[in-house]
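Residue numbers (the working numbering), protein chains in the order written: chain X, 13 to 131; chain D, 13 to 126.
Quick reminder that beta carbons are idealized off the backbone N, C-alpha and C, glycines included.
Below is one structure, written out as C-alpha cells, with a few remarks after it.
If you want it as C-alpha cells, here you go:
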C-alpha cells in the first residue's frame, strides 16, 4: 500500500526556534499533500493543502507566514514552523493521496506524525 | 451543523460483541467515504473506504453507506481489545474546492472490555 514517511517523529526545542518537518511519499507521486495539527483529545485540524509547484492553500485562521509550506517535488512537502512558541506545541501530521487532485475517490494516507514540544 | 458528525463516545462493548459506529454528513453531493482508526498518540490509519450505497465487507469490518439518508457506518464484528481506539469518519465533499480534500468528524472513541 501507499507509504508516507514523516520526519522527525519528535522535536523538543526552545521558544523562538524554527522547526522543519518533512513529509515524503515513498512509493508514489503526490501532487497534493495535506498538513494537519492535532491537540490532545481533539480531532484533526487541517492546516493547509500543499500543491506541488505552486503555493499552498491555507485554511482560515492559519498564519501562512508562520507555517511555511514548500512542495518542491512530487514526493516531498515540508512544513516549517517559524519562531515557534509553546502554544505551537502539538502533533503535526501530513498525508498524501494517490493520483491527481481531480480524483476524488482516493483516500489519504498519513505519515506517523511529528510531536512538537516548545519549551 | 457540523459537516461530518460523530458521537464522541466512549462506546463501550464487551469482547466478542459487534461495535457499531455511526457518522452523518451534510453535503449531499459527497462521493467518497472513509473510516480511519487512530490509536492514542499515533496517526490515523485507513480501515475502509466506500463509494456506493450498500455494504462493503473486509474481514471483521463492514462499512455501510446510505446516501439518501447521508449516513455512513462501520460495524466491527467479534470486537477485540486491540480494536480500542478512536474511529474517524472522513468524507470527500465537493464543496471544498479540492477533490482529494477530506472533511473529518471528531471521532468516536471505542472501548472493548474484557
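Anyone know if the C-beta pair for residue i and residue j falls short of 7 Å?
{"i": "residue 24/X", "j": "residue 126/X", "result": "no"}
{"i": "residue 81/D", "j": "residue 124/D", "result": "no"}
{"i": "residue 117/D", "j": "residue 16/D", "result": "yes"}
{"i": "residue 70/X", "j": "residue 78/X", "result": "no"}
{"i": "residue 21/D", "j": "residue 89/D", "result": "no"}
{"i": "residue 126/D", "j": "residue 57/D", "result": "no"}
{"i": "residue 122/X", "j": "residue 52/D", "result": "no"}
{"i": "residue 98/D", "j": "residue 105/D", "result": "no"}
{"i": "residue 73/D", "j": "residue 59/D", "result": "yes"}
Let me confirm a value: residue i is counted as buried when at least 16 other C-beta atoms fall within 10 Å, else exposed. Which label applies?
{"i": "residue 19/X", "result": "exposed"}
{"i": "residue 38/X", "result": "exposed"}
{"i": "residue 46/D", "result": "buried"}
{"i": "residue 30/X", "result": "exposed"}
{"i": "residue 84/X", "result": "exposed"}
{"i": "residue 46/X", "result": "buried"}
{"i": "residue 118/X", "result": "buried"}
Residue i lies in the beta strand (DSSP E); which residues open and close that run?
{"i": "residue 83/X", "result": "79-85"}
{"i": "residue 116/D", "result": "114-116"}
{"i": "residue 70/D", "result": "66-70"}
{"i": "residue 43/D", "result": "Looking at the DSSP string, residue 43/D is not in any beta strand (DSSP E), and its letter there is neither H nor E."}
{"i": "residue 40/X", "result": "Segment: none, residue 40/X is in no beta strand (DSSP E) and carries neither H nor E."}
{"i": "residue 89/D", "result": "Segment: none, residue 89/D is in no beta strand (DSSP E) and carries neither H nor E."}
{"i": "residue 104/X", "result": "102-109"}
{"i": "residue 102/D", "result": "97-104"}
{"i": "residue 23/D", "result": "23-26"}
{"i": "residue 18/X", "result": "16-19"}
Measuring alpha carbon to alpha carbon, tell me which residue in the options is nearest residue i.
{"i": "residue 86/D", "options": "40/D, 102/D and 52/D", "result": "102/D"}
{"i": "residue 82/X", "options": "40/X, 61/X and 105/X", "result": "61/X"}
{"i": "residue 86/X", "options": "104/X, 101/X, 46/X and 40/X", "result": "40/X"}
{"i": "residue 129/X", "options": "95/X, 119/X and 118/X", "result": "95/X"}
{"i": "residue 79/D", "options": "14/D, 18/D, 24/D and 39/D", "result": "39/D"}
Interface residues of chain A around residue i at Cβ under 8 Å?
{"i": "residue 56/X", "result": "No chain A is present in this structure, whose protein chains are X and D."}
Contact between the stretch 103-110 of chain X and the stretch 28-35 of chain D is defined here as three or more beta-carbon pairs at a separation below 8 Å; is this criterion met?
no
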